Structure formats: C-alpha cells, structure tokens
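Undergrad: Provided herewith is a single structure, encoded as structure tokens, for subsequent inquiry.
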Amino acid sequence: MVQKTYLFSTIEQLHPILNTITSSTEYQEASGILIQVFNPRVDLDESKLISDINEKCNKACITGMTASNIAEASYDISEKPVQLSISYFFKTKLLYLEYDLKETTTFVAGRKVNEILEHTENACAMQIIYTSNSSNILSFTGEFSHHGIPVFGAKAGRSIRALNTAHVYGSHCYENALIAVIFCSQDLSVYLDHNLGWQEIGVEMVATKVNGNRILSEVDGRPAVEIYEKYLNVKPDSYFMQNVCEFPLVCRRNNIPTTRVPFSYDEEGAIHFSAEIRPGEHFRLSYADANKLKQLSAESVQDLNEFRPEAIYIIECGNRMRFLKDDYRKELDNYKTVVPQLSFTTGNEEIFVTPEGYGGDLNSALITVGLKETGHTNWIIPYREIKKDPAETDSFANQKIRGEIPFVDRILTFLASTSKELDELNKELGRIAYTDQLTQIYNRWELENKIKEALSLKKANKDHSVALLFMDIDHFKKVNDTYGHDAGDMVLRGTVNLIREELKNECAFGRWGGEEFLCLLRSSKEEALDFAEHIRTLIEETCFVNVKHITISIGVTMVKEDDTVESFIKRADQGLYDAKEGGRNRVIFRP
8 MVQKTYLFST IEQLHPILNT ITSSTEYQEA SGILIQVFNP RVDLDESKLI SDINEKCNKA
68 CITGMTASNI AEASYDISEK PVQLSISYFF KTKLLYLEYD LKETTTFVAG RKVNEILEHT
128 ENACAMQIIY TSNSSNILSF TGEFSHHGIP VFGAKAGRSI RALNTAHVYG SHCYENALIA
188 VIFCSQDLSV YLDHNLGWQE IGVEMVATKV NGNRILSEVD GRPAVEIYEK YLNVKPDSYF
248 MQNVCEFPLV CRRNNIPTTR VPFSYDEEGA IHFSAEIRPG EHFRLSYADA NKLKQLSAES
308 VQDLNEFRPE AIYIIECGNR MRFLKDDYRK ELDNYKTVVP QLSFTTGNEE IFVTPEGYGG
368 DLNSALITVG LKETGHTNWI IPYREIKKDP AETDSFANQK IRGEIPFVDR ILTFLASTSK
428 ELDELNKELG RIAYTDQLTQ IYNRWELENK IKEALSLKKA NKDHSVALLF MDIDHFKKVN
488 DTYGHDAGDM VLRGTVNLIR EELKNECAFG RWGGEEFLCL LRSSKEEALD FAEHIRTLIE
548 ETCFVNVKHI TISIGVTMVK EDDTVESFIK RADQGLYDAK EGGRNRVIFR P
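Counted from 1, the sequence shown has number 91 at position 84 by this note's numbering; the numbering is strictly sequential.
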C-alpha cells in the first residue's frame, strides 16, 4: 500500500498532478485506488474540478468534500491549497457507492448497503463522506451495523464567513449526497482512534423538548438558549456561535462522551445543531484544556508508531481547530512523523462507528485512521481517556517542583474539582430523594417524574411506545396479620428483587405505596403483556421464607398522545382493579 498527497490552488495546477498520477506504476498495478479531495477554498469551480479528476483518473474511487472553516479570521483557511490524497492498494479491492439524498434517504441507502454487504466477501472497513440538512449517519449505518465493520469519515463543512454551500465529491459535485467506499481484503488491518478531550463540567441537564432531531427547544423545561446565558453570560446575538462553541454540550452514549456544538439559535430560544439531539437525553456543558488535547494526540501518535500504518487519514472537527489555533499544525506535524504523506481534513462532523455499532456523528473530536496491507488485525480505540499527570497524584513529598502553574489552569482545576464534588453530593441527595428506603427502588415522587418524561417523549415522537404496569401483591394484609410486619417487609424486598432481575435497561421500576408497584417500560403492547405474564408466573412459582407462596395482580396499559400523568396511571390502575375483581393472580390490559 502506498499513500501520496498533492496540493494545488487552481485547476491549472491540478492537471500536471493528474498526469503524474496516471503515468505512475502504482496507478497501473493497484488493485484499488482511493482519491480523496479536501477543499478549503471558495474560489474554485468545484464541478469542473471533480469532472476533470473523474475523467482523467477513471480507475479510481473519487471522494471528498468542502472543508469546515469556523476559525477566527486570523486563522482562516480559505486561501490554503486543496489537498488531493491518493492511496494505492495492492491486496484490497474497493467498492464504491453513491447516493443522491435528493432522490433517496439515508435509511433506504443503508438498507441497500446491507443487501450489498450480504453478498460481499471480506468487507473490513468503510469510509463515508456526506452532507445533508436532515439526516444523521446512524440512520444509515444502523441498517448494516450487524456486519461488524468499522466506519469512519466526515460530514462536509463550509466557511462561516463566506457561507459557501457545503459539497461532497464523487462522480459529481453534490449538495446533498452520501459517498461510501467499502474496503474488501483478507490482508487489510485497520487502526481507528477517537480523541475528544472535552471534559464535563457543571450540573446535569435534560433535553425536555426537541424539534426534529437537531433543534433543542427546551432544557429542563426552559428555552435552551438560557443555559448559556445562565452559566456563561452569553446572550443570543450575532456572536452567539463564536461565544459558545468552545463549551459544547456533552452527553454519554454507551458510556462514551459525545459532544454537540451549537451553530445557531432562533427567536423562540431554541438552539440548532448539525448533529442529532435526542429528547430526554442528559448532558452537561464541557470545556477543553489545550494541553490535555495535545496529550491525547501524542498518545495516538505513539500507538500509530506501534501499529506501523502504510496510510493515515486524519479527520478533525473545525471546532477543535478553532480552539487549538496554531497548535493544530504542530499536532499534524507529529502525525507526519509516522506517515509523511498522510491526508488531513476538517469537517462539520466526524464519523466514527466501532464494529459493535458505538459512535455516530461526532463534534469537537479528532479521528485517526491507519491502514496497512499486512495481517488482518484491527486496533479500535472507542474513546481515549485523559490520563492524569503523575505529578497530580504523587504524594506531596515526592512531587517535583513544576514552577508557577498558569492562573487559567488553576481556575479550571478548581471548577472541575468543585463540579465533581457537587455532582457526587447531588447524586447522593438525589438517591435519598428518589429512592424508597425499604426496597431501594424509585419512590412515588420519582415515578411521577419518570412518567412525565415518558409523556414528553411521546409528544415529541408519536411512534414512541411506552407501557405502564400497575402491580399489587394479592392479600398482602393477610401476610402482615399472620406473619408480622418484618415478614411482610421481607416479602416486599424479595418481590422487588425478583422483578428487578428481569428488568431491561430502559425500564423505570418503583414502589407506588404499600404493596403497590409501577413499572414503566419501552415496549409494544404484546411485549408488555408477555413481560407482565412472565412476572406474574415468576412470583407465583417462588417460595418465600415463612410465607411460602404469594400471587400478584397486574394492570397494563399503553401511553396515548393526550395522556396526563393522572390519566395514564388511572388507566393502569383500572386494569389492576379488573384483575382483582376477576379473581386475582392475573394480567388485565386496559386500552
């Protein structure tokens, strides 16, 4: 495998480069050729640019995009040259796929890719370049994630000053398209590395209202823009994006931090993002320390040296470049010590999906891809953790004198430490506030909050399916009267433990009062009834100490768009009443 990179500023300068490429031995002998065109300029005829490359290099797979340029004016990249990176493969075949998103959707395209992968041998990685105002990449990759191949790439960007249209490059120049390249080989090894470095700070918040999948309307029931005014004194004005982009929102998905950078707001106080925001998601503000970011990339370079790639593709968020300023070039120089001819681009979003399906559209991240045609061993780093400086953890006596620590570093350390302590205290207070002391599950107050969240999600998404189970232990008063309250408490705890072991991750289970319990779960009607019947049978067949056997009655209902907390619970309670009236130890559904 061989990687070469060329730079040019005009189409006239491009033509001799294309002649050099097509006359090379590598071009004639390669089993697969990938050309990546990354364009920061706004003064080129992009259609002619891509047409000329396709016409001259018709053996190659052509991909590329306009670069993201959101840095301050002094760091503007719009006059930097276009980068043409070419990778020659000799043991790998490339499968090129192109979807015009004006004519199809990412979901449908993903279905088509799944069909292709079903009949494709040795598919081991995929690169994606796309641009779309309405789609997120998981709606595409989710349709074939079970094939377990790593996915990387970027979403096209644009200049915040020139406001040029973001384009992707393939057989043509597109405003709304997805270009994918599948790497097929028995000998290709893949290195994939996700470096973020933004650290969570402040209180946890909840996205209580989302319009579509990219507009955050309300946070904790208030207009979303208020969070930046409250915590950073940033008011919505013409400099809103510049003032907030260094403090993106960060949530955790599969315990992997994922950031979201605002790019605008509207008159109703909603914040607009380029990447997906999910209703009900919990998040915090975040900040970055340049030294920590550079520490992560230095570790990445060390790992790449060990991996020994033959080609490197680096995809960096424009927001990260904006934050690092000149330091991003120093980082890039470090990577070039591994592969001098590497390719580099900056996108509006970075695409990173592990073989297990973790990841998606990212912001503020640095994605590093290494390829080599030796062996067939992948090295995937889903998220590179920031390691503490040994000097921060050494005992006082063993610490080396580090000199005066910069004031900003001391303030950031203070804020991070204070946030951590407050978070731990709030979690403990919250645990006490929302936990039933006897059974250690949610109490009535917290159950009501969980139901409110479920109703908000239903209003935001009509297809959101949620069931409510209202459970009551039959003849529990007789247990207390016959065996005493200590035995009754043991029955309550034992029942809770049995049910809790059967719960899925997205269930909310709590004690409503006495021997009554509620269980809120995302499921269809059929799934909810099956689960309720499973619980009923499990309780009936369990032998409790002293009491021996007990039974439980369950009322089941499904959420409706016009439900209130009261109407939702009342309907489940009516189902429970019907179960009791019908002889107990049964499950009744109330529509």
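Note that CB positions come from ideal geometry on N, CA and C, so glycine has one too. Predicted model only: the values in this text are computed from it and were never measured.
If N355 sits next to A163, beta carbons under 8 Å apart, how far is it from one beta carbon to the other, in whole angstroms?
TA: Contact flag correct, Cβ pair sits at about 6 Å.
Undergrad: Is the number of C-beta pairs between the segment 210-229 and the segment 148-165 that are closer than 8 Å three or more?
TA: Too few Cβ pairs lie closer than 8 Å, so no.
Undergrad: Where does the unbroken beta strand (DSSP E) through V120 begin, and where does it stop?
TA: Where V120 is concerned, there is no enclosing beta strand (DSSP E), although the alpha helix (DSSP H) it sits in stretches over T113 to E125.
Undergrad: Assuming contact is defined by CB atoms lying nearer than 8 Å, are M8 and Y103 in contact in what I supplied?
TA: Cβ distance not < 8 Å, so M8 and Y103 don't count as in contact.
Undergrad: What whole-angstrom Cβ distance do P389 and H201 have, given they're in contact under 8 Å?
TA: Sure, about 6 Å apart at Cβ, within 8 Å.
Undergrad: What does DSSP give as the partner residues of A515 in its beta bridges?
TA: DSSP output for A515 lists L527 as bridge partner(s).
Undergrad: If E128 sits next to C191, beta carbons under 8 Å apart, how far is it from one beta carbon to the other, in whole angstroms?
TA: E128 to C191, Cβ: 7 Å. Contact.
Undergrad: To which residues does DSSP link Y441 through a beta bridge?
TA: Per DSSP, none; premise fails for Y441.
Undergrad: Which value, in whole angstroms, describes the spacing of the CA atoms of V241 and Y294?
TA: For V241 and Y294, the distance between alpha carbons rounds to 15 Å.
Undergrad: Any C-beta of chain C sitting closer than 8 Å to the C-beta of E283?
TA: In summary, chain C is missing from the structure at hand, where a single protein chain is found.
Undergrad: What do you reckon, are the CB atoms on I263 and Y365 nearer than 8 Å?
TA: Their beta carbons are under 8 Å apart, which means I263 touches Y365 by this criterion.
Undergrad: Just mark R7 as buried or exposed, buried being the case when its beta carbon has 16 or more other beta carbons within 10 Å.
TA: Any question about residue 7 goes unanswered here, given that the chain covers just 8 to 598.
Undergrad: Quick one: residues in its chain with C-beta nearer than 7 Å to the C-beta of E522, no 5 flanking neighbours on either side, listed in chain order?
TA: So the qualifying residues of the chain are D479, I480, F483 and L499.
Undergrad: Given this structure, state the Cα-to-Cα distance separating A130 from A187, to the nearest angstrom.
TA: Taking the straight line from one Cα to the other gives about 13 Å.
Undergrad: Please name the residue, chosen from G590, K237 and V563, that lies closest to F477 on a Cα-to-Cα basis.
TA: It is V563.
Undergrad: Please report the distance separating the alpha-carbon of K237 from that of Y272.
TA: Rounded to the nearest angstrom, the two C-alpha atoms are 16 Å apart.
Undergrad: Among the candidates R518, S58, E86 and K66, whose CA atom is the shortest distance from the CA of E33?
TA: Among R518, S58, E86 and K66, the Cα nearest to that of E33 belongs to K66.
Undergrad: To test your reading of the DSSP string, which unbroken alpha helix (DSSP H) runs of 4 or more residues are found completely within the segment 134-216?
TA: Runs found: 145-148.
Undergrad: Extract the residue ranges of the alpha helix (DSSP H) inside the segment 333-392, only unbroken runs of 4 or more that lie entirely within it.
TA: With a minimum length of 4 residues, the continuous alpha helix (DSSP H) runs that stay inside the segment 333-392 are 334-343.
Undergrad: Looking at the secondary structure, which residues open and close the alpha helix (DSSP H) in which F314 lies?
TA: Note, F314: alpha helix (DSSP H), A297 to F314.
Undergrad: So is Q406 buried or exposed if we call it buried at 16+ other beta carbons inside 10 Å?
TA: Below a pLDDT of 50, predicted positions are generally treated as unreliable, and Q406, at 47, falls in that range; the measurement from the model is reported next regardless. Per the 10 Å Cβ criterion, exposed.
Undergrad: Less than 8 Å between the beta carbons of C258 and H289, yes or no?
TA: Taking 8 Å as the Cβ cut-off, C258 and H289 qualify as a contacting pair.
Undergrad: Identify, in the order they occur along the chain, each residue of the same chain with its Cβ nearer than 7 Å to the Cβ of K459, setting aside the five sequence neighbours on each side.
TA: Closer than 7 Å at the Cβ level, and outside the excluded window around K459, lie V572.
Undergrad: I think L475 touches A579, with their Cβ atoms under 8 Å apart; what is that distance to the nearest whole Å?
TA: The Cβ separation is near 4 Å, so the contact holds.
Undergrad: Beta-carbon within less than 6 Å of L432's beta-carbon, same chain only, minus the 5 sequence neighbours each way: which residues are those?
TA: Excluding sequence neighbours, L432 sits near nothing in its chain.
Undergrad: Can the beta-carbon of N370 be found closer than 8 Å to that of R221?
TA: No, these two residues do not count as a Cβ contact at 8 Å.
Undergrad: Give the secondary structure of V89 by DSSP, where H, G and I count as helix, E and B as strand, and everything else as coil.
TA: DSSP places V89 in strand when its eight states are reduced to three.
Undergrad: Between N61 and E53, which are expected to be in contact by the criterion C-beta below 8 Å, what is the C-beta distance as a whole number of angstroms?
TA: 12 Å between Cβ atoms; not a contact.
Undergrad: How about T99: is its Cβ closer than 7 Å to a heavy atom in the ligand ZN?
TA: Among the ligands in the structure shown, none appear at all, so the ligand ZN cannot be discussed.
Undergrad: With distance defined between alpha-carbon atoms, name the residue in E453, T353, T344 and N592 nearest to I321.
TA: Minimum Cα distance to I321 is reached at T353.
Undergrad: Going straight from the alpha carbon of E540 to that of Y584, what length do you get?
TA: Cα to Cα, the separation comes out at about 16 Å.
Undergrad: Between which residues of its own chain and S92 is the CB-CB distance below 6 Å, once the five residues before and five after are set aside?
TA: So the list reads T12, Q43 and S350, once near-sequence residues are dropped.
Undergrad: In the structure shown, what three-state DSSP assignment does G495 receive?
TA: Three-state DSSP puts G495 in a helix.
Undergrad: I374 and E357 - do their beta-carbons sit closer together than 8 Å?
TA: Yes. Within cutoff.
Undergrad: How many Å lie between G491 and G501 at the Cα?
TA: Looking at the two C-alpha atoms, the distance is approximately 16 Å.
Undergrad: Could you tell me which of F538, E533 and R597 sits nearest to L505, measuring between CA atoms?
TA: It is F538 whose Cα lies nearest to the Cα of L505.
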